[in-house]
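**Q**
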Amino acid sequence: MSFNLNFIALRKYRKITQQVLNLEADYKKLSDNQLKDNTRRFREQLQKGATTDDIVVEAFATAREADFRILGMRPFENQVLGAVMIHFGNVAEMKTGEGKTLTATMPMYLNGLAGPGAFLITANPYLANRDAEEIGKVYEWLGETVTAGVGLNDDDKVDGKVVYGHDIVYTTNSQIGFDYLIDNLADSEDDRKQREFRFALIDEVDSVLLDTAQTPLVISGAPKVQSNLFMSADKLVKSLVENHDYEISEDTKSSWFTATGIEDMETYLGISELLSEQWSDMYRHLVLALRANTIMHINRDYVVDNNEVYLLDTDNGRELEGMKLEAGMHQALEAKEDVPLSDQTRSMASITYQNLFKMFTKLSGMTGTALTAAHEFMETYNLPVLPVPTHKPNIRIDHPDIIYSTMENKINAVIDLIKETHAKKRPMLVETGSVSLSRLYSRLLLREGIVHNVLNAQSAAKEALIVAEAGQPGAVTIATSMAGRGTDIKLGPGVAEMGGLLVIGTERMDNQRIDDQLRGRSGRQGDPGESVFFASLDDKIVIENAPDWMDDFRRKTVAREAGQKVVPLKSRRVRKIINRAQKDAENNSESGRTSGMEYDEVLKTQRDIVYAFRNKIMKTDQLDQQIQLVVNYAIKTVTKEFTEPNKELTEYVINNVDYNYFNNTVLQKRSSSIASVEDKLNAIVKTRLEQRTQALQSDFQMNYLRRLSILKALDTAWVDQVDNLQQLKSAISNRSAGMHNGAYEYERDAKRSFERMKQTFWKSAVKNMCLSELVPQSDGSVKVEFP
Numbered sequence: 007m008s009f010n011l012n013f014i015a016l017r018k019y020r021k022i023t024q025q026v027l028n029l030e031a032d033y034k035k036l037s038d039n040q041l042k043d044n045t046r047r048f049r050e051q052l053q054k055g056a057t058t059d060d061i062v063v064e065a066f067a068t069a070r071e072a073d074f075r076i077l078g079m080r081p082f083e084n085q086v087l088g089a090v091m092i093h094f095g096n097v098a099e100m101k102t103g104e105g106k107t108l109t110a111t112m113p114m115y116l117n118g119l120a121g122p123g124a125f126l127i128t129a130n131p132y133l134a135n136r137d138a139e140e141i142g143k144v145y146e147w148l149g150e151t152v153t154a155g156v157g158l159n160d161d162d163k164v165d166g167k168v169v170y171g172h173d174i175v176y177t178t179n180s181q182i183g184f185d186y187l188i189d190n191l192a193d194s195e196d197d198r199k200q201r202e203f204r205f206a207l208i209d210e211v212d213s214v215l216l217d218t219a220q221t222p223l224v225i226s227g228a229p230k231v232q233s234n235l236f237m238s239a240d241k242l243v244k245s246l247v248e249n250h251d252y253e254i255s256e257d258t259k260s261s262w263f264t265a266t267g268i269e270d271m272e273t274y275l276g277i278s279e280l281l282s283e284q285w286s287d288m289y290r291h292l293v294l295a296l297r298a299n300t301i302m303h304i305n306r307d308y309v310v311d312n313n314e315v316y317l318l319d320t321d322n323g324r325e326l327e328g329m330k331l332e333a334g335m336h337q338a339l340e341a342k343e344d345v346p347l348s349d350q351t352r353s354m355a356s357i358t359y360q361n362l363f364k365m366f367t368k369l370s371g372m373t374g375t376a377l378t379a380a381h382e383f384m385e386t387y388n389l390p391v392l393p394v395p396t397h398k399p400n401i402r403i404d405h406p407d408i409i410y411s412t413m414e415n416k417i418n419a420v421i422d423l424i425k426e427t428h429a430k431k432r433p434m435l436v437e438t439g440s441v442s443l444s445r446l447y448s449r450l451l452l453r454e455g456i457v458h459n460v461l462n463a464q465s466a467a468k469e470a471l472i473v474a475e476a477g478q479p480g481a482v483t484i485a486t487s488m489a490g491r492g493t494d495i496k497l498g499p500g501v502a503e504m505g506g507l508l509v510i511g512t513e514r515m516d517n518q519r520i521d522d523q524l525r526g527r528s529g530r531q532g533d534p535g536e537s538v539f540f541a542s543l544d545d546k547i548v549i550e551n552a553p554d555w556m557d558d559f560r561r562k563t564v565a566r567e568a569g570q571k572v573v574p575l576k577s578r579r580v581r582k583i584i585n586r587a588q589k590d591a592e593n594n595s596e597s598g599r600t601s602g603m604e605y606d607e608v609l610k611t612q613r614d615i616v617y618a619f620r621n622k623i624m625k626t627d628q629l630d631q632q633i634q635l636v637v638n639y640a641i642k643t644v645t646k647e648f649t650e651p652n653k654e655l656t657e658y659v660i661n662n663v664d665y666n667y668f669n670n671t672v673l674q675k676r677s678s679s680i681a682s683v684e685d686k687l688n689a690i691v692k693t694r695l696e697q698r699t700q701a702l703q704s705d706f707q708m709n710y711l712r713r714l715s716i717l718k719a720l721d722t723a724w725v726d727q728v729d730n731l732q733q734l735k736s737a738i739s740n741r742s743a744g745m746h747n748g749a750y751e752y753e754r755d756a757k758r759s760f761e762r763m764k765q766t767f768w769k770s771a772v773k774n775m776c777l778s779e780l781v782p783q784s785d786g787s788v789k790v791e792f793p
């Protein structure tokens, strides 16, 4: 069915593409002013009720002609087709070098006509600023506003209010996500920056929506009191025995304690029922220590530098400065590496890219590798994936994998090929699976006297420069799998005659998309090129995903080869096993994303409720109604907690409503039921709020105080809830899947926690409204001091 639908859609898109091309001759004849005037005309049509679909042909023809007049490049037919696919909410698979940047000008111009709310999401701040400046000239010439939504460097400040007022914004996925979270912590509508999310075009969409889909964006707040359990938990876990006290699943990248392990730890700690509520904090620290020692690997997931733990971007090997794992995981790593523990901060707000981009009215993407993940794009995001034909035939030669029995033999073979190719001055791009392996190959090449560049943990700008030069004669570039993505490699003088760029993959990656992305670095726009991948039975992907009998096969193969000349393995069975191992790794990753979505859907549901109520409080003209609802809920919550209503009522009022409770005659009357206690408390709160209104003598100040009081209470309660859910997820998701239904347990406990959060919020909101003070400042402003 999906194939038939795609066929029908493609026929429609090709028809529109041809209509755009048919306008080329007419639009060439237009003067600059006539072409620019189309923008005004299109906007008038939209204001009168037309949709962007109605004007797609003329708008694309306008942008196409403007591209030529400003940039000197007119989009080819295949680029127009890709642009049409993108506009109609698809993922366009365009091979490397096919001109995605130019393709994007057409849908971005069209969707920017409706005003602010059109975003192009790029891989890093360097690309966002580069394209906003270079490509932005087209939009500005046509009368639209465009800007980069992220600073080029970490220290660069951008005015979010100004940024999101532009028609078109080039930004990064993390920047738009953090801005969204910050907006939902604002005290007033004036402090918010973002507007509606109308249209998002995500470059390298597979990297954002699949590979980093479950990476949460987290805003952290004030430090917690540091736990002293991290070091002791680490020491205990290091004494445990694998497959006896705990087990590891490399497939799912998880580990868990066995029943025997639980008993051994209880004996060591001198306690019973480690899994009970009483010892929940201790158990949580043990789970964190287990994960740190079994799942997280130094030089693959993180590095230690100057007694600090830095996370690594697993795609490109860069250090993720300023980023830390949440829920105590970072401190567990620090304990493992015996470095000083950093402050453990509270999670104030969190969202994943999956849920962030699902908020856009229209979502689309472009990448060189998406077809192999078409099913997941459709299932998760309702995004069809359509291939865009190349402008010129692809003549790159992709060789079969060269497989060796051991990693040592494989590495030696890779070095031999590099030496042989370098002697001919032919450029090479050498891919490695981790930072540590890129360093290893670099040392080996230095030993051979081969000058080369290494891409891992470089700045994005320097990285792009190195990648751009990787096609020059004699260039040797070592890169982790995704480094430099988004920058074309152009062939230098005479390189085409040598056969073009040679891409060498030193191992198969966790999914075919990344392998295909690497291959696509060579043979751009009809250039010659070659790619070859090396593999061994010791490779990470084989060890983690191959069947159990492979260990025995590996040992026998190595023993048989002893003393013999090293040659590649020719077995079809081995080749199938490696292909199967990669497919299993892909399936495990997809399964992990699906499982993560189940957890994240719980947080999303709660976040949507909280943010919707928050928006209502900030925008409503009927604040009194909302306040009465909050008061009613608070009173019902409080009175349910009373065991001696008449006695506890007085204590509650003095601490939460009115310090001058002795002057309140209502309290002198005894109540015979909870209902009458509720009525009495309602009257006391109502009287107190009326007194405050009269004392302030300003409706504006009173509304400001009450609105801020509610927001403060809500934010405080929500921060605690987000942090609780982070801790809960960390504990539950690391238990054995065979022992429980983790998603069910998480949803159940999260709902209970959310109910407690709401009760805390209601009570805090009433206390804030009744007891907070407005304190005039020397500059004429007013500060609210909360109780």
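With positions in the sequence shown counted from 1, the corresponding number in our numbering is that position plus 6.
The C-beta atom is built at its ideal place from N, Cα and C for all residues, glycine as well.
Since the model is a prediction, treat every value here as computed from it, not as a measurement.
Taking the alpha carbon of Leu347 as the reference point, which residue from Met354, His336, Ser213 has its own alpha carbon closest?
**A** Measuring from the Cα of Leu347, the nearest candidate turns out to be His336.
**Q** Would you tell me roughly how many angstroms separate the C-alpha atoms of Ser444 and Val460, rounded to the nearest one?
**A** Whole-angstrom Cα-Cα distance: 7 Å.
**Q** Let me check understanding here. Comparing Cα to Cα, which of Tyr410, Thr626, Ile623 lies closest to Arg561?
**A** It is Tyr410.
**Q** Name the DSSP beta bridge partners of Ile225, please?
**A** According to DSSP, Ile225 bridges with Ala355.
**Q** Counting C-beta neighbours from all protein chains within 10 Å, is the total for Pro399 16 or more, i.e. buried, or is it exposed?
**A** Its Cβ having fewer than 16 others within 10 Å, Pro399 is exposed.
**Q** Could you give the uninterrupted runs of the alpha helix (DSSP H) lying entirely in the segment 25–108, keeping only those of 4 residues or more?
**A** Listed in chain order, they are 30–34, 38–53, 62–77, 83–93.
**Q** Hey, would you say Pro479 sits closer than 8 Å to Val501, going by beta carbons?
**A** In this structure, Val501 lies closer than 8 Å to Pro479 by Cβ.
**Q** What residue does the beta strand (DSSP E) around Glu536 start on, and which one ends it?
**A** It spans 535–542 - the beta strand (DSSP E) in which Glu536 sits, taken as one unbroken run.
**Q** Compute the Euclidean distance between the alpha carbons of Leu126 and Ala15, then round it to the nearest angstrom.
**A** Taking the straight line from one Cα to the other gives about 23 Å.
**Q** Can you give the beta carbon distance from Val144 to Thr178, rounded, assuming they're within the 8 Å contact cut?
**A** The pair is not a contact, with the Cβ atoms about 21 Å apart (cut-off 8 Å).
**Q** What separation, rounded to the nearest whole angstrom, lies between the Cα atoms of Lys735 and Tyr308?
**A** In a straight line, the C-alpha of Lys735 is about 22 Å away from that of Tyr308.
**Q** Looking at C-alpha atoms only, which residue of Phe539, Lys625, Asn313 is the closest neighbour of Asp404?
**A** Ranking Phe539, Lys625, Asn313 by Cα distance to Asp404 puts Phe539 first.
**Q** Applying the 10 Å Cβ sphere with the 16-neighbour rule, what's the burial state of Asp545?
**A** Under this definition Asp545 is a buried residue.
**Q** May I ask which residues mark the beginning and end of the beta strand (DSSP E) holding Leu392?
**A** Note, Leu392: beta strand (DSSP E), 391–393.
**Q** In this structure, how does DSSP classify Ala380 when only helix, strand and coil are distinguished?
**A** It is helical.
**Q** With contact counted as at least three CB pairs below 8 Å, one residue from each stretch, are the segment 587–607 and the segment 653–662 in contact?
**A** The answer is no - the segment 653–662 does not touch the segment 587–607, with fewer than three Cβ pairs under 8 Å.
**Q** Roughly how many angstroms separate the alpha carbons of Lys686 and Ser595, rounded to a whole number?
**A** Approximately 58 Å, taken between the alpha carbons.
**Q** So what does DSSP say about Leu16, is it helix, strand or coil?
**A** Leu16 falls in the helix class under three-state DSSP.
**Q** Quick check on DSSP: helix, strand or coil for Ile403?
**A** DSSP places Ile403 in strand when its eight states are reduced to three.
**Q** So, is Pro499 buried or exposed, given that buried needs 16 or more other C-beta atoms within 10 angstroms?
**A** Exposed: under 16 other Cβ atoms inside 10 Å.
**Q** What do you get for Asn774, buried or exposed, if any count of 16 or more other CB atoms within 10 angstroms of its CB means buried?
**A** Burial call: buried.
**Q** Kindly list the residues whose CB is nearer than 6 Å to the CB of Lys167, restricted to its own chain and excluding five residues on each side of it in sequence; keep chain order.
**A** Cβ neighbours of Lys167 beyond the five flanking positions: Lys199.
**Q** Could you check whether the Cβ of Gln733 sits closer than 7 Å to any heavy atom belonging to the ligand FAD?
**A** Annotation note on the ligand FAD: not contained in the displayed structure, which lists no ligands.
**Q** For Asn517, count the other beta carbons within 10 Å of its own beta carbon; 16 or more makes it buried, fewer makes it exposed. Which is it?
**A** Buried is the call here.
**Q** Starting from Trp807, trace the beta strand (DSSP E) both ways and give me its first and last residue.
**A** The structure shown does not extend to residue 807, since the chain is modelled only from 7 through 793, so no value can be given for it.
**Q** Got a sec, what are the start and stop residues for the alpha helix (DSSP H) Leu717 sits in?
**A** Looking at the DSSP string, the run of the alpha helix (DSSP H) that includes Leu717 is 705–738.
**Q** When the Cα atoms are used, what is the spatial distance from Val691 to Ser255?
**A** If you take the alpha carbons of Val691 and Ser255, they lie about 56 Å apart.
**Q** Can the beta-carbon of Asp209 be found closer than 8 Å to that of Thr128?
**A** Taking 8 Å as the Cβ cut-off, Asp209 and Thr128 qualify as a contacting pair.
**Q** Can you tell me which of the three DSSP states Asn661 falls into?
**A** Helix at Asn661.
**Q** Give me the residue from Ser682, Leu629, Asp614, Gln631 with the minimum Cα distance to Lys646.
**A** It is Ser682.
**Q** Just to confirm before moving on: does the CB-CB distance between Thr766 and Ala723 stay below 8 Å?
**A** Taking 8 Å as the Cβ cut-off, Thr766 and Ala723 qualify as a contacting pair.
**Q** Which full runs of the alpha helix (DSSP H) of 4+ residues lie inside the segment 554–632, going along the chain?
**A** 555–567, 578–625, all fully within the segment 554–632.
**Q** Can you tell me whether Phe383 is buried or exposed, with buried defined as 16 or more other CB within 10 angstroms of its CB?
**A** Phe383 comes out buried.
**Q** Tell me the rounded alpha-carbon separation between Asp240 and Asn621.
**A** So the alpha carbons of these two residues sit roughly 44 Å apart.
**Q** Mind the definition here: the segment 550–566 touches the segment 424–431 only if three or more C-beta pairs lie below 8 Å; say whether that holds.
**A** Judged by Cβ distances under 8 Å, the segment 550–566 makes no contact with the segment 424–431, as fewer than three pairs qualify.
**Q** Are Gln531 and Glu99 touching if we call contact CB-CB under 8 Å?
**A** Not in contact: Gln531 and Glu99 (Cβ atoms no closer than 8 Å).
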